[in-house]
Amino acid sequence: MKRIVQFYINGFKEMTLGRTLWAIILIKLFILFFVLKLFFFPNLLKENFSNDKDRGEHVIENFIKSK
Amino acid sequence: MNEIVDLSLIDWSRGQFALTALYHWLFVPLTLGITFILAIMETIYYKTGDPEWKKITRFWMKVFGINFAIGVATGIILEFQFGTNWSYYSWFVGDIFGAPLAIEGIMAFFMESTFIAVMFFGWDKVSKRFHLVSTWLTAIGANLSALWILVANAWMQNPVGMQFNPDTARNEMVNFWDVFLSPLAINKFLHTISSGFVLAGIFIIGISAWFLLKKREVPFAKKSILVAAIFGFISSLFLVTTGDGSARLVAQHQPMKLAAMEGLYEGKNGAGLTALGIFSPTKTDPENDKLHDFIFKIEIPNALSYMIHLDVNAFVPGVKDLLNGNEKEGILATTDKISRGKMAIETLRNYKNALKEGRKDEAFQLKEKFMSKDFQANYFKYFGYGFLTNANDTIPSIPLVFYSFHIMVILGSWFLLFFILSIYFVVNNEIARRRLFLKIAILTIPLVYIAQMAGWTVAEVGRQPWVVQDLLPTVAAVSSISAGSVIVTFWLFALIFTILLIAEVKIMTTQIKIGPKDGGH
Numbered sequence: 015m016k017r018i019v020q021f022y023i024n025g026f027k028e029m030t031l032g033r034t035l036w037a038i039i040l041i042k043l044f045i046l047f048f049v050l051k052l053f054f055f056p057n058l059l060k061e062n063f064s065n066d067k068d069r070g071e072h073v074i075e076n077f078i079k080s081k
Numbered sequence: 091m092n093e094i095v096d097l098s099l100i101d102w103s104r105g106q107f108a109l110t111a112l113y114h115w116l117f118v119p120l121t122l123g124i125t126f127i128l129a130i131m132e133t134i135y136y137k138t139g140d141p142e143w144k145k146i147t148r149f150w151m152k153v154f155g156i157n158f159a160i161g162v163a164t165g166i167i168l169e170f171q172f173g174t175n176w177s178y179y180s181w182f183v184g185d186i187f188g189a190p191l192a193i194e195g196i197m198a199f200f201m202e203s204t205f206i207a208v209m210f211f212g213w214d215k216v217s218k219r220f221h222l223v224s225t226w227l228t229a230i231g232a233n234l235s236a237l238w239i240l241v242a243n244a245w246m247q248n249p250v251g252m253q254f255n256p257d258t259a260r261n262e263m264v265n266f267w268d269v270f271l272s273p274l275a276i277n278k279f280l281h282t283i284s285s286g287f288v289l290a291g292i293f294i295i296g297i298s299a300w301f302l303l304k305k306r307e308v309p310f311a312k313k314s315i316l317v318a319a320i321f322g323f324i325s326s327l328f329l330v331t332t333g334d335g336s337a338r339l340v341a342q343h344q345p346m347k348l349a350a351m352e353g354l355y356e357g358k359n360g361a362g363l364t365a366l367g368i369f370s371p372t373k374t375d376p377e378n379d380k381l382h383d384f385i386f387k388i389e390i391p392n393a394l395s396y397m398i399h400l401d402v403n404a405f406v407p408g409v410k411d412l413l414n415g416n417e418k419e420g421i422l423a424t425t426d427k428i429s430r431g432k433m434a435i436e437t438l439r440n441y442k443n444a445l446k447e448g449r450k451d452e453a454f455q456l457k458e459k460f461m462s463k464d465f466q467a468n469y470f471k472y473f474g475y476g477f478l479t480n481a482n483d484t485i486p487s488i489p490l491v492f493y494s495f496h497i498m499v500i501l502g503s504w505f506l507l508f509f510i511l512s513i514y515f516v517v518n519n520e521i522a523r524r525r526l527f528l529k530i531a532i533l534t535i536p537l538v539y540i541a542q543m544a545g546w547t548v549a550e551v552g553r554q555p556w557v558v559q560d561l562l563p564t565v566a567a568v569s570s571i572s573a574g575s576v577i578v579t580f581w582l583f584a585l586i587f588t589i590l591l592i593a594e595v596k597i598m599t600t601q602i603k604i605g606p607k608d609g610g611h
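Keeping their order, the protein sequence lines are chains G and H.
Just so it is clear: in the first sequence, position 41 is 55 by our numbering, and no numbers are missing.
Just so it is clear: in the second sequence, position 80 is 170 by our numbering, and no numbers are missing.
Structure below.
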């Protein structure tokens with residue numbers, strides 16, 4: 015286990031181009047999860063209804079109001 | 091429902107999904123293909139011990155790393171949109187999508203993250219054999235993780251192995267293997283990954299051609315071209331075969347899409363295959379303004395019938411047969427399907443009302459009726475049509491589908507020839523002298539991306555108006571949110587993805603200019 019951890023630590027330490035790429039990945043993940051997901055992409059059914067029964071009822075109501 | 095949903099909301103939501111999916115797909119196919127090419131190159135290094143092959147493998151591994159890092163997680167945005175813009179769709183398909191996407195998440199995380207780390211960090215630290223195995227497993231893992239999302243996509247094109255639950259409004263999986271092993275899922279997976287293999291082959295040949303034009307790294311470039319061209323040629327043959335299978339499956343499950351791909355309005359026995367065609371922008375069929383006349387068309391007689399049914403005289407339905415019905419060929423008119431769909435929705439409505447009003451016996455009977463085999467096969471099968479008001483709503487944009495399909499096929503044919511020429515020139519040691527061909531090789535890189543986008547346009551625009559074929563149209567799948575919020579996030583995505591794309595191109599070109607060298611990752 016220790017060898018595996020050391021393998022990863024050394025790998026990260028020896029990175030050159032990889033550092034830039036990891037920086038891009040981390041910035042991207044921050045924007046995706048802490049900006050977009052949090053402020054722009056709520057899970058509507060999860061947020062507006064407390065349980066699956068109500069969620070299902072809401073979706074069915076939307077389906078059956080079609081004439 | 092058509093009347094109450096803001097059409098600009100649907101268009102922007104679709105536009106946003108298309109934008110993110112297409113940007114995401116700029117990164118994915120290279121990853122799918124280049125990992126296998128890397129594995130082949132490293133296998134040669136392992137077998138021969140020639141350090142040149144190690145240098146070659148490490149250079150393309152670096153290119154793969156850049157593409158992977160920039161592209162990773164761009165697909166997550168699609169999942170964000172499911173919950174916000176497409177919540178009704180998300181709920182409707184939830185149980186079917188849940189399993190494949192969960193498997194994908196676990197598989198992608200464990201396989202790719204573990205073995206990619208060994209691939210990049212493990213040179214000279216783990217045994218050559220273990221490193222090689224890790225490279226192969228990264229390639230297999232990357233492609234298998236694509237499998238699950240493609241299974242989910244195939245289910246949307248041909249929903250099987252599920253049962254709709256009228257109490258929850260969700261589709262529940264009743265047979266995992268029907269979903270997983272549906273011919274459409276298998277074919278879609280094979281066609282998609284082989285298109286990624288072709289793209290990676292062309293990408294490597296194009297970059298290697300640049301080195302040859304610059305008279306740099308000549309042995310490296312020639313060896314890279316040799317592997318990429320052979321791999322690309324075999325993949326191209328596979329691509330053609332799976333493309334042929336795909337057309338047959340489309341004819342079976344999505345005949346309107348096939349009619350749009352071919353611009354076939356009147357069904358016929360011995361239908362011809364349209365090799366080339368240009369639509370009139372203004373002149374349309376007198377009875378239907380969605381059917382643009384051809385200004386010019388080259389047709390191969392009987393070829394479409396043969397391609398679809400392996401019978402030169404077989405009947406292939408056109409748009410009009412699918413709209414108006416064709417009793418002789420057993421095709422139900424779209425207006426009949428709309429009536430049956432409305433009946434399915436009406437039955438669901440009556441069931442819910444009976445439940446609400448405490449009429450338990452009536453509710454029980456209505457549910458029995460709804461779940462009966464006969465009702466499922468003759469009414470629920472057309473559930474989605476019940477949301478439509480006009481038969482013409484079932485016609486996708488024919489020019490867009492037709493042109494995309496033909497661009498894909500023409501470019502695909504060029505790629506096959508391109509690989510043959512690449513093999514010929516490199517085997518005969520002429521490649522470095524063929525400067526025009528080398529320039530064309532570089533220009534072929536953007537063409538293969540265009541072919542990818544065209545392919546997805548055929549698959550996704552061609553199935554409009556359906557999000558889930560025949561069961562859920564786009565108009566019923568979209569959430570009741572403001573179009574304004576979708577427009578804001580559309581431009582946000584456009585900005586983020588453009589920055590990522592610029593970063594990819596800049597880092598990639600810098601690394602390519604540096605060229606192959608030993609060490610570093």
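Don't be surprised by glycine CBs; every beta carbon is placed ideally from N, CA and C.
Distance, Cα to Cα, L327/H vs D334/H? 11 Å
First and last residue of the uninterrupted alpha helix (DSSP H) at E132/H: 97-138
Against chain G, which members of the segment 432-452 of chain H pass a CB distance test of less than 7 Å? Residues I435, L438, R439, K442.
Could you please give the first and the last residue of the uninterrupted beta strand (DSSP E) stretch that includes Q559/H? Careful: Q559/H lies outside any beta strand (DSSP E) and carries neither H nor E.
Please list the terminal residues of the continuous beta strand (DSSP E) segment that includes R260/H. Secondary structure note for R260/H: its beta strand (DSSP E) is the uninterrupted segment 260-263.
So if I threshold CB-CB distances at 8 Å, which residues from the segment 292-325 of chain H count as touching chain G? none
Would you kindly work out how many angstroms separate the C-alpha atoms of W546/H and Q455/H, rounded to a whole number? 44 Å
So I521/H contacts chain G; which residues on that side make the cut at Cβ distance below 7 Å? Here the premise fails: no neighbours, minimum Cβ distance about 29 Å.
Where do the ends of the alpha helix (DSSP H) carrying E436/H lie? 424-446
Check the C-beta distance from A319/H over to V516/H and give it rounded, since I have them as a contact under 8 Å. 6 Å
Rounded C-beta distance between M246/H and V548/H? I'm assuming under 8 Å. Wrong, their Cβ atoms sit about 15 Å apart, outside the cutoff.
Runs of 3 residues minimum, wholly inside the segment 277-343 of chain H: which ones carry the beta strand (DSSP E) assignment? none
By the 10 Å Cβ neighbour count, where 16 or more other Cβ atoms means buried, how is Q64/G classified, buried or exposed? It should be pointed out that residue 64/G corresponds to Ser in this sequence rather than to Gln. By the 16-neighbour rule on beta-carbons within 10 angstroms, S64/G is exposed.
What are the partner residues of V406/H, as DSSP defines its beta bridges? K358/H
8 Å Cβ cutoff met for T670/H and M209/H: What is shown of chain H runs 91 to 611, which leaves residue 670/H out entirely.
Who are the Cβ neighbours of T579/H in its own chain at under 7 Å, not counting the five residues just before and after it? Q106
Which residues of chain H have a Cβ atom closer than 9 Å to the Cβ of V19/G, listed in chain order? Under the 9 Å cutoff, chain H gives no residues; its nearest Cβ is about 12 Å from V19/G.
Mind checking whether M346/H and T479/H have CB atoms under 8 Å apart? no
Which residues in the same chain as F187/H place their Cβ atom closer than 7 Å to its Cβ, once the five residues preceding and following it in sequence are excluded? A242
Could you tell me which uninterrupted alpha helix (DSSP H) segments, each at least 4 residues in length, are contained entirely in the segment 523-599 of chain H, listed from first to last along the chain? 525-551, 564-567
Please list, in chain order, all residues of the same chain as I388/H whose beta carbon is under 6 Å from its beta carbon, the five residues on each side excluded. A365, L366
With a Cβ-Cβ cutoff of 8 Å, do G231/H and L122/H count as a contact? Pairing G231/H with L122/H gives a Cβ-Cβ distance that is not under 8 Å.
Close Cβ partners of W150/H (< 8 Å) along its chain, the five nearest in sequence each way excluded: I124, I127, L128, M131, I294, S314
Can you give me the C-alpha to C-alpha distance between P391/H and L412/H, rounded to a whole angstrom? 22 Å
R33/G at chain H interface by Cβ criterion, 8 Å: no
Flag this pair as yes or no: are the beta carbons of P119/H and Q542/H separated by less than 8 Å? yes
Within its chain, find whatever has a CB closer than 6 Å to the CB of A299/H; leave out the 5 residues flanking it on each side and keep chain order. L528, A531, I532
Closer than 8 Å by beta-carbon distance: list the chain G residues that pair up with K427/H, in chain order. Those do not exist, as K427/H stays about 15 Å from chain G at its closest Cβ, beyond 8 Å.
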